[in-house]
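Protein chains: 4
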Amino acid sequence: MKRSELYRHLNVNLDLAVEAHEILRGETGAEVPGVRMDEEIYDHSTVTTITIETDEGVKEMGKPKGRYVTIDAPDIRKNDYDIHHEITQTLAKKIIELMEVNEDASVLLVGLGNWNATPDALGPQVISKSLVTRHLFNYSPDELKGKLRKVSAIAPGVLGLTGIETAEIIRGIVEHVKPNLVIAIDALAAGSLDRIGTSIQLADTGIHPGSGVGNNRTGINEESIGCKVLAIGLPTVVNAAVIAGNCLDVLLDELKTSPTLYKIYKGLNPSFMQGVMEKVLSPYNGNLMVTPKEIDGLIESTAKIIAGALGMSLHPGIDHSDYARYIQ
Amino acid sequence: MKRSELYRHLNVNLDLAVEAHEILRGETGAEVPGVRMDEEIYDHSTVTTITIETDEGVKEMGKPKGRYVTIDAPDIRKNDYDIHHEITQTLAKKIIELMEVNEDASVLLVGLGNWNATPDALGPQVISKSLVTRHLFNYSPDELKGKLRKVSAIAPGVLGLTGIETAEIIRGIVEHVKPNLVIAIDALAAGSLDRIGTSIQLADTGIHPGSGVGNNRTGINEESIGCKVLAIGLPTVVNAAVIAGNCLDVLLDELKTSPTLYKIYKGLNPSFMQGVMEKVLSPYNGNLMVTPKEIDGLIESTAKIIAGALGMSLHPGIDHSDYARYIQ
Amino acid sequence: MKRSELYRHLNVNLDLAVEAHEILRGETGAEVPGVRMDEEIYDHSTVTTITIETDEGVKEMGKPKGRYVTIDAPDIRKNDYDIHHEITQTLAKKIIELMEVNEDASVLLVGLGNWNATPDALGPQVISKSLVTRHLFNYSPDELKGKLRKVSAIAPGVLGLTGIETAEIIRGIVEHVKPNLVIAIDALAAGSLDRIGTSIQLADTGIHPGSGVGNNRTGINEESIGCKVLAIGLPTVVNAAVIAGNCLDVLLDELKTSPTLYKIYKGLNPSFMQGVMEKVLSPYNGNLMVTPKEIDGLIESTAKIIAGALGMSLHPGIDHSDYARYIQ
Amino acid sequence: MKRSELYRHLNVNLDLAVEAHEILRGETGAEVPGVRMDEEIYDHSTVTTITIETDEGVKEMGKPKGRYVTIDAPDIRKNDYDIHHEITQTLAKKIIELMEVNEDASVLLVGLGNWNATPDALGPQVISKSLVTRHLFNYSPDELKGKLRKVSAIAPGVLGLTGIETAEIIRGIVEHVKPNLVIAIDALAAGSLDRIGTSIQLADTGIHPGSGVGNNRTGINEESIGCKVLAIGLPTVVNAAVIAGNCLDVLLDELKTSPTLYKIYKGLNPSFMQGVMEKVLSPYNGNLMVTPKEIDGLIESTAKIIAGALGMSLHPGIDHSDYARYIQ
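See below:
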């Protein structure tokens, strides 16, 4: 059984397109048809852009057509001011590339997730640190024109707290506020503990059902809320099944190094091997998400980076020399 | 100048109908036309119901027609479990009397105010402690029928945080959720430091512009959001002008006790006296709201009482023996 | 390589005596010499008492002589008021059995851990919910005698926040407060994800170096602080190596089920197997602790249970009918 | 009755030496003997240094001999990054002038107050934002020498939470940590609503009984804890009596403006006037402290300024160009 199929079987989401792509390439050893990958290297980060261009790519990747930009920056954990500043500027640059709105645009920030559950609190935390300006245009529109965009923001909470599907709430607000763009910020599930708190994904496709840290979320995308959605996500959890899966990989790789063992391994009935894997993974069947114990600090740092990058990219008239200025 | 006029002049809101009524009666020494007052006495609380019945009452009181029930319970500050239980039950009883919805009704709780500013955080705190059930009806509607009502909840934040008028947000949600009743919870401004954290007002009129702790709020009422609104409010601040005004009252009362001074006082040009009052009150002109330093604890206690009473009153099928059971 | 040795090799702590005991018995299939185990069954919990009686037991278990009582209550996760009440009463009963102090005793509660890191915040959260009474004895000592014990409390923070070893801080305070007993509350590391938030360990030995969620902690015990220490701990994290180890166990168990495969299994060079395990576990070498994403809610519930049980057990004169009364 | 006597009579503390001095000078119209005042003007702040030099000064001011530096910066409320940076640098400069310790000194920061009560949470908030380094010297002492001082920190909580006098806790820690200097950070009571969140007082005398927001605090000074104490304080509350007193002042000033009224004013029996004042102020007799409703934001801003200034002044080897770098 392929890893990609196994994950699907176990309801393990890989929210990062870059991870889904890596697994597909690992299995086939070939390019994934209909999917393009580009890479840029910075001092403290690598930016990988996955573009899903065709229906075949959509089918392979299990994600809609569009651009998925991932900033990988393990140095975020160093908690160094200059490194955070560089990553903030990189993210701001990428937001500007993807958002495609004019200077007069109105943008609604939506912080998804639950402020009472640390690993799910990224969205609300970014909202609380973001500069909101839409109401200021009632007082001095001319003065602000060209300097600030109209930014509004909401962190509606999750279904378990509100009793209302988040997409319903957002759609209701969008109908009144009529923004040109929604930017949704959400915590994601990764396929590797390394990526928690260190990879930031930006996608011009919005958020699709089954993504995110909470279960059974409805999508937040143009179809469900009636406005183009840019999604910013950060992995904050992994499925425990992923840890178990990685562990089996090492064992099997090790078996291949001994000729005798490899012969036995090759002789194994594939369905036996699949049975073992399912048994190993069964206690974690799609439900147990884990997070490192340092998660509070990681969320605090990355919420500042995302809020800072939103401030820099959304407000054309202000200076980029210090990201702390953009954080409330 | 009458106290009621002075307050209006200085933009001092008296959100509690019971206080507005008291001042009017104090000035005229007579019943206020078109307004009825009823009182019930409990062990640890007094319940006063002000009913504004006619247009004349509306004009005098500066509030719309309807019922305003105030539970005064100075003992709330004692932080005693049994006292809190009694007050919770009293509030639940009054909510049941005023809400007038059937057992199948869907109710949307709205927590107004700003969770980052303690004296304005009552609404969001009540929401975070409330039992939300609407989404459960997707799974087992028959089992819940008659036991729970469909309760949804939102704490949208304030204009300065969202950039969006709160009424706009609520109206958008109401259009999708279609509740039979909205219950809005908000922090209020009182005319006396004694009432902070100890008086709870329940009104079947919703919330009208100019009320509440934040400035320039839009109303949350049937007209603005398209659904009947029950308002639950608790004073958490007073205007500093109110403290100054109370101080002048004492001085003038004292002057009246001496025949000589009273003669002089009577001889004073009324416009001189008004000038003095304005000068005294001017540094606090409508803007400076103060709160006791114990406000965090008062909000914590009263949010539990209100959330507990909402749980008891909204869910007919559950036991009232312990209010802690209704608090998340 | 035995599991117990492997864990030691990888710096994996098993803070729960009941888990360390289980692994030892699994390996030898025999009683552990010098260690006694007793079990009591309640409606919603099982109480296991491990008593380390001899030096041989100390050596086998890697823990000092004394009693280690574990309350296992998976139902804690159900968030049901009555279940929480029962577990609170069970814990209170066990605290009373172990604390061995008279009615006039002075008790210092110490909440270990870091309030800014959710999985490490149990200790500080229990302190913030606990009833503190020592200062009240300055005002009305006679009235309180026999009803309340003198309880003081401190949550000193962790080395990274204070720059001071926690044992130094506690010793300094103990020298001035001179309590008869210290009760230290701490978050622990478990050997199974199931136990997170559901097992509570009570030990009359204090806390010993290397225990707890934070790294490199100094012990908090009679030797280091100069006062008898009762320790209350709750697992909030597991080492990622534990998940990987469990996964290998399943695989090897599965190999044993087929005669052919068993031959292979037996043919595996033990040093090869050890190499595989080390390789599998190396990315998690003693450092990566994970916690379920629901950790905030689990800590909130269990902190209430522990604070409630402390209130019930420390204050002889008050009614046990409702645990919520003992929580601040 | 003089204002200074009245305040003493009503238990109204004026924690700021600059305010106590102002009242004394207002009453006598002359210099206060034994007290020197110096002033420096900066772009966004005024720095006033009150030096109590003689026993006569001590008696007049009701405060011990020493230097009291107050930075008055109403612009703090503007929440402007550059203004906050300037004030942070000014405070850092003044800390350096007063602390008089060498480069190898060990400094213990003590955050007084209660983290659960917003107006009293300044001390704990500063501690949580401060850079702590003492434990790092165990690993790389040579590398840090000359760059960082050894800084440790504690926020012990208040008597009501711990059951232990704060001075007892600090003394116990000082005996073990043996710092060369303690810097205690505390919330203060001011004599004017204007100063809340905008005046910062630095005193080389420590904290003396009766100061601070909480009642009945013991002093934290060289005598009580055995180590020199520098105190940093920020007013976060005023006594409601102060508001009432200011109101009477305006009224009496107004009476003096008209010849007729002045006659009345002169005719007032001084004991009558004193009776009025006492009656006016009695409801607030020493107990009711109020704070502006914006207190959360004010504490957040000023805690950053103080933590930033502590970082700049205590660590000689790091760059002062950006105060955000010094805040955790």
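Protein chains in written order, with the numbering used here: chain X, 1 to 328; chain A, 329 to 656; chain Z, 657 to 984; chain G, 985 to 1312.
Note that CB positions come from ideal geometry on N, CA and C, so glycine has one too.
Quick one: what does DSSP say residue 1179 of chain G is sitting in, helix, strand or coil?
-> Here residue 1179 of chain G is taken as the residue at index 195 of the fourth sequence, counted from 1. The answer is helix: DSSP assigns residue 1179 of chain G an H, G or I state.
Specify the secondary structure class of residue 491 of chain A as computed by DSSP and reduced to three states.
-> Counted from its first residue, the second sequence places residue 491 of chain A at position 163. The answer is coil: DSSP assigns residue 491 of chain A none of H, G, I, E or B.
Could you check the C-alpha separation between residue 1109 of chain G and residue 1097 of chain G for me, to the nearest Å?
-> For the purposes of this step, residue 1109 of chain G is taken as the residue at position 125 of the fourth sequence. For the purposes of this step, residue 1097 of chain G is taken as the residue at position 113 of the fourth sequence. Approximately 10 Å, taken between the alpha carbons.
Return the Cβ separation of residue 672 of chain Z and residue 851 of chain Z in integer angstroms, given the expectation that the two are a contact with Cβ distance under 8 Å.
-> If you number the third sequence from 1, residue 672 of chain Z lands on position 16. If you number the third sequence from 1, residue 851 of chain Z lands on position 195. Sure, about 7 Å apart at Cβ, within 8 Å.
In whole angstroms, what separates the C-alpha of residue 681 of chain Z from that of residue 690 of chain Z?
-> Position 25 of the third sequence holds residue 681 of chain Z. Position 34 of the third sequence holds residue 690 of chain Z. Approximately 13 Å, taken between the alpha carbons.
Since residue 94 of chain X and residue 47 of chain X are thought to touch, with beta carbons under 8 Å apart, how far apart are those beta carbons, to the nearest angstrom?
-> Here residue 94 of chain X corresponds to residue number 94 of the first sequence, with the count starting at 1. Here residue 47 of chain X corresponds to residue number 47 of the first sequence, with the count starting at 1. At roughly 7 Å, the Cβ-Cβ gap stays under 8 Å, so residue 94 of chain X and residue 47 of chain X are in contact.
Since residue 151 of chain X meets chain A, which of its residues come closer than 9 Å, beta carbon to beta carbon?
-> As a first step, residue 151 of chain X must be located in the first sequence, where it is residue number 151. Those are 491, listed as they occur along chain A.
What separation, rounded to the nearest whole angstrom, lies between the Cα atoms of residue 1136 of chain G and residue 1292 of chain G?
-> As a first step, residue 1136 of chain G must be located in the fourth sequence, where it is residue number 152. As a first step, residue 1292 of chain G must be located in the fourth sequence, where it is residue number 308. Answer to the nearest angstrom: the Cα atoms are 15 Å apart.
Quick one: which chain G residues come within Cβ less than 7 Å of residue 779 of chain Z?
-> The residue given as residue 779 of chain Z occupies position 123 in the third sequence. Here the premise fails: no neighbours, minimum Cβ distance about 13 Å.
Can you tell me whether DSSP reads residue 561 of chain A as helix, strand or coil?
-> As a first step, residue 561 of chain A must be located in the second sequence, where it is residue number 233. Residue state, collapsed to three classes: strand.
Start and end residues, beta strand (DSSP E) containing residue 355 of chain A | One-based indexing of the second sequence puts residue 355 of chain A at position 27. Not the beta strand (DSSP E): residue 355 of chain A falls in the alpha helix (DSSP H), residues 345 to 356.
Local conformation of residue 1051 of chain G per DSSP, three classes | The residue labelled residue 1051 of chain G in the question sits at position 67 within the fourth sequence. If DSSP states are grouped into helix, strand and coil, residue 1051 of chain G belongs with the strands.
Report all residues from its chain with a CB closer than 7 Å to the CB of residue 262 of chain X; omit the five preceding and five following residues, and keep chain order.
-> Here residue 262 of chain X refers to the residue found at position 262 of the first sequence. Excluding positions up to five away in sequence, the list reads 255 and 256.
From X:290, X:231 and X:316, pick the residue whose C-alpha is nearest to that of residue 185 of chain X; which is it?
-> Translated into the one-based positions of the first sequence, residue 185 of chain X becomes position 185. Of the candidates X:290, X:231 and X:316, the one whose C-alpha sits nearest the C-alpha of residue 185 of chain X is X:231.
Per-residue burial, residue 1300 of chain G [other beta carbons within 10 Å of its own, 16 or more giving buried] | As a first step, residue 1300 of chain G must be located in the fourth sequence, where it is residue number 316. Residue 1300 of chain G comes out exposed.
For residue 1203 of chain G, collect the residues of the same chain with a Cβ closer than 6 Å to its Cβ; drop the 5 residues on either side in sequence, then sort them by chain order.
-> For the purposes of this step, residue 1203 of chain G is identified with residue 219 of the fourth sequence, where counting begins at 1. 1191, 1192 and 1193.
Beta carbon of residue 1151 of chain G, beta carbon of residue 1050 of chain G: below 8 Å?
-> Position 167 of the fourth sequence, counted from the first residue, corresponds to residue 1151 of chain G. Position 66 of the fourth sequence, counted from the first residue, corresponds to residue 1050 of chain G. No, the Cβ-Cβ distance between residue 1151 of chain G and residue 1050 of chain G is not below 8 Å.
May I ask you to report which of helix, strand or coil DSSP gives residue 1313 of chain G?
-> A query on residue 1313 of chain G cannot be resolved here, the shown segment of chain G reaching from 985 to 1312 and no further.
How about residue 766 of chain Z: is its C-beta nearer than 8 Å to some C-beta of chain G?
-> In the third sequence, counting from the first residue as 1, residue 766 of chain Z sits at position 110. Chain G, which has no Cβ nearer than 8 Å to the Cβ of residue 766 of chain Z, makes this no.
Give the DSSP-derived three-state secondary structure of residue 802 of chain Z in the structure shown.
-> The sequence position of residue 802 of chain Z within the third sequence is 146, counting from 1. In the structure shown, residue 802 of chain Z sits in coil (DSSP, three-state: anything other than H, G, I, E or B).
For residue 779 of chain Z, name the three-state secondary structure that DSSP assigns.
-> The residue you call residue 779 of chain Z lines up with position 123 of the third sequence. It is helical.
Give the range of the beta strand (DSSP E) segment to which residue 1031 of chain G is assigned.
-> Along the fourth sequence, one-based indexing puts residue 1031 of chain G at 47. Note, residue 1031 of chain G: beta strand (DSSP E), 1030 to 1036.
Which residues in chain G sit within 8 Å of residue 824 of chain Z, going by Cβ to Cβ distance?
-> Stepping through the third sequence from its first residue, residue 824 of chain Z is reached at position 168. Here the neighbours are 1157, 1160 and 1161.
Rounded straight-line distance, which links the Cα of residue 1007 of chain G to that of residue 987 of chain G = As a working mapping, residue 987 of chain G is identified with position 3 in the fourth sequence. As a working mapping, residue 1007 of chain G is identified with position 23 in the fourth sequence. Going from the Cα of residue 987 of chain G to the Cα of residue 1007 of chain G covers about 7 Å.
Any C-beta of chain A under 8 Å from that of residue 156 of chain X = Along the first sequence, read from residue 1 onward, the residue named residue 156 of chain X stands at position 156. Yes, its Cβ sits closer than 8 Å to a Cβ of chain A.
Within 7 Å of chain D by C-beta, residues of the stretch 64 to 97 of chain X in sequence order | Protein chains in the displayed structure are X, A, Z and G, and chain D is not among them.
What's the call for residue 715 of chain Z, buried or exposed, on a 16-neighbour Cβ count within 10 Å?
-> Stepping through the third sequence from its first residue, residue 715 of chain Z is reached at position 59. Exposed, by the Cβ-count rule.
When you compare only the Cα positions, how much space is there between residue 1084 of chain G and residue 1090 of chain G?
-> To locate residue 1084 of chain G, count along the fourth sequence from 1; it is residue 100. To locate residue 1090 of chain G, count along the fourth sequence from 1; it is residue 106. Cα-Cα distance, rounded: 12 Å.
By how many angstroms is the C-alpha of residue 908 of chain Z removed from the C-alpha of residue 914 of chain Z?
-> As a position in the third sequence, residue 914 of chain Z is number 258, starting the count at 1. As a position in the third sequence, residue 908 of chain Z is number 252, starting the count at 1. Each residue's alpha carbon lies about 11 Å from the other.
Simplified DSSP assignment, three categories, for residue 754 of chain Z | Looking up residue 754 of chain Z in the third sequence gives position 98. It is helical.
Tell me, please, whether the CB atom of residue 254 of chain X is closer than 8 Å to any CB atom in chain Z?
-> For the purposes of this step, residue 254 of chain X is taken as residue 254 along the first sequence, with counting starting at 1. Yes, residue 254 of chain X counts as interfacial toward chain Z.
Identify the continuous alpha helix (DSSP H) that holds residue 383 of chain A and give its terminal residues.
-> Locating residue 383 of chain A in the second sequence gives position 55, counting from the first residue. Element bounds for residue 383 of chain A: 383 to 389.
Buried or exposed by the 16-neighbour rule on C-beta atoms within 10 Å, applied to residue 141 of chain X | Translated into the one-based positions of the first sequence, residue 141 of chain X becomes position 141. Classification of residue 141 of chain X: exposed, given that the 10 Å Cβ count is below 16.
Listing by chain order, which chain Z residues have their CB less than 7 Å from the CB of residue 1118 of chain G?
-> By one-based count along the fourth sequence, residue 1118 of chain G stands at place 134. 819 and 820, listed in chain order.
Chain G residues whose Cβ lies nearer than 7 Å to that of residue 555 of chain A = Taking the first residue of the second sequence as position 1, residue 555 of chain A is located at position 227. Under the 7 Å cutoff, chain G gives no residues; its nearest Cβ is about 29 Å from residue 555 of chain A.
At 8 Å on the CB atoms, spell out the chain A contacts of residue 1100 of chain G, in chain order.
-> To locate residue 1100 of chain G, count along the fourth sequence from 1; it is residue 116. Neighbours of residue 1100 of chain G on chain A, chain order: 624 and 625.
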